[in-house]
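Just so you know, we're using my numbering here: the sequence shown kicks off at 588 and counts up by one. Backbone N, C-alpha and C define an ideal beta-carbon position, used for all residues, glycine too.
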Amino acid sequence: MPDIRSEDVTAILSRELHWERLAGCRVLVSGAGGFLGGYLVRSLLALNHLGKLDRPVTVVAMVRNLDRARAGLGSLAADPQLELLEWDLNRIAVPTIGPCQYVLHAASQASPRFYGSDPVGTLLPNAIGTAALLEAWQRQSEDPRGFLFVSSSEVYGAVSDDRALTESAYGVLDPATVRACYAESKRLGETLCVSWNRQYGSPTFIVRPFHTYGPGLQADDGRVFADFVFNVLRGENIVMASDGAARRAFCYASDAVAGFFTVLLRGEAAVPYNVANPAGELSIMELAELMVSLYPEKQLMVERRARQDNSAYLSSTFNRLVPDVSRIQALGWNPRVAPAEGFRRMIEAYQA
Numbered sequence: 588m589p590d591i592r593s594e595d596v597t598a599i600l601s602r603e604l605h606w607e608r609l610a611g612c613r614v615l616v617s618g619a620g621g622f623l624g625g626y627l628v629r630s631l632l633a634l635n636h637l638g639k640l641d642r643p644v645t646v647v648a649m650v651r652n653l654d655r656a657r658a659g660l661g662s663l664a665a666d667p668q669l670e671l672l673e674w675d676l677n678r679i680a681v682p683t684i685g686p687c688q689y690v691l692h693a694a695s696q697a698s699p700r701f702y703g704s705d706p707v708g709t710l711l712p713n714a715i716g717t718a719a720l721l722e723a724w725q726r727q728s729e730d731p732r733g734f735l736f737v738s739s740s741e742v743y744g745a746v747s748d749d750r751a752l753t754e755s756a757y758g759v760l761d762p763a764t765v766r767a768c769y770a771e772s773k774r775l776g777e778t779l780c781v782s783w784n785r786q787y788g789s790p791t792f793i794v795r796p797f798h799t800y801g802p803g804l805q806a807d808d809g810r811v812f813a814d815f816v817f818n819v820l821r822g823e824n825i826v827m828a829s830d831g832a833a834r835r836a837f838c839y840a841s842d843a844v845a846g847f848f849t850v851l852l853r854g855e856a857a858v859p860y861n862v863a864n865p866a867g868e869l870s871i872m873e874l875a876e877l878m879v880s881l882y883p884e885k886q887l888m889v890e891r892r893a894r895q896d897n898s899a900y901l902s903s904t905f906n907r908l909v910p911d912v913s914r915i916q917a918l919g920w921n922p923r924v925a926p927a928e929g930f931r932r933m934i935e936a937y938q939a
């Protein structure tokens with residue numbers, strides 16, 4: 588069985604970007620034990636293994652739990668160019684990160700299952716954690732070259748129509764709701780990046796991923812696309828907790844991470860970029876039917892059933908959330924993986 592994530596990393600690094608800018612650099616990745624952070628770490632280390640740099644890049648993987656991170660990274664945990672740094676961005680303090688030319692801030696609780704159960708732990712890494720990393724980077728690095736903030740499409744709020752969302756198309760977001768802990772803190776994280784750029788000239792970059800999926804998501808993630816994947820893996824019928832009419836644009840991890848590096852290495856500082864696959868737009872019902880169709884031999888069906896434990900899961904009220912990606916396309920980026928291929932790859936990765 589092929590190593591899907593290794594293939595994904597090869598696909599990311601096949602993009603024609605100025606990878607040489609990372610040669611000899613020290614790059615901190617927050618959320619390194621998570622889904623997108625893990626892809627960033629693997630991609631950076633692979634630059635060394637694939638001989639793309641004349642001097643190796645050193646990766647500082649910031650994680651909340653060292654033992655869990657080592658288990659998740661597997662053999663990569665022993666890579667001589669990897670440093671593990673245990674730090675919780677819920678702490679209201681500036682971490683000692685040492686001199687880092689680049690910081691890639693991907694630490695975040697993205698699943699709505701946390702919004703109701705841990706709203707404080709959801710908002711702090713995006714808000715206070717972003718400020719702490721910016722301060723640490725500015726104080727401790729003599730040659731700061733780039734700070735990438737992984738924001739979210741949630742910053743758009745509830746847009747009143749179904750138009751494709753440009754980076755300036757904002758809707759209503761009620762800050763006096765618990766669910767706002769995620770979106771409002773992502774908004775603040777973006778404003779911090781813009782402010783650091785304006786006041787200190789810091790080269791900060793902002794990406795707004797939409798619904799991103801791939802190997803590395805946990806079975807208890809709680810988002811509908813992850814639930815569907817693990818339904819298939821367990822040979823269970825796809826369970827719908829709604830009418831399935833909501834529409835989302837699904838972007839495979841290798842495309843999203845390639846987009847992150849594109850913005851970091853080609854983008855304009857303090858300007859947000861949507862990172863998504865508009866061609867991957869599906870209704871939730873269409874996604875469920877796609878999952879069933881990928882494995883006809885399993886004879887699965889789509890069922891409608893109320894969510895059994897919804898006390899902490901705070902779902903989105905947006906009916907359609909589809910992006911305009913013309914800004915990042917102007918940098919030369921385009922998504923390559925369609926949902927049928929991407930979800931099959933994700934499922935096969937867990938079967939390996």
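- Task: Take the Cβ of GLY611 as the centre, count every other Cβ of all protein chains shown within 10 Å, and call the residue buried at 16 or more, exposed below.
- Result: exposed
- Report yes if the CB atom of VAL765 is closer than 8 Å to the CB atom of GLY708, and no otherwise. no
- Measure the alpha-carbon distance for HIS636 versus ARG629 and round it to whole angstroms. 10 Å
- Starting from ARG932, trace the alpha helix (DSSP H) both ways and give me its first and last residue. Here the alpha helix (DSSP H) through ARG932 covers 926 to 938.
- Are there 16 or more other CB atoms within 10 angstroms of the CB of ASP595, so buried, or fewer, so exposed? buried
- Message: Going residue by residue through the stretch 681 to 754, where are the continuous beta strand (DSSP E) segments of at least 3 residues, counting only ones entirely within it?
- Response: 689 to 692, 733 to 737
- Spell out the partners DSSP gives TYR860 in its beta bridges. VAL794
- The beta strand (DSSP E) with MET552 in it runs from where to where? Since the first residue of the chain shown is 588 and the last is 939, residue 552 is not available in this structure.
- Item | Rounded straight-line distance, which links the Cα of ARG613 to that of VAL826 | 45 Å
- Item | Nearest-angstrom Cβ-Cβ length linking LEU640 and THR717, presumed shorter than 8 Å | At roughly 28 Å, the Cβ-Cβ gap does not stay under 8 Å, so LEU640 and THR717 are not in contact.
- Query: Where do the N-terminal and C-terminal ends of the beta strand (DSSP E) with TYR882 fall, by residue?
  - Reply: Neither: TYR882 is in no beta strand (DSSP E) and is coded neither H nor E.
- Could you check what DSSP says for TYR787 in three-state terms: helix, strand or coil? helix
- Could you check what DSSP says for GLY919 in three-state terms: helix, strand or coil? coil
- Item | Alpha-carbon to alpha-carbon, VAL909 and ARG750 | 8 Å
- Between PRO865 and VAL647, what straight-line distance do the alpha-carbon atoms span, to the nearest angstrom? 33 Å
- Message: At the level of alpha carbons, what is the spacing between SER755 and VAL746?
- Response: 11 Å
- Item | For GLU890: DSSP bridge partner residues | The beta-bridge partner set that DSSP reports for GLU890 consists of VAL826.
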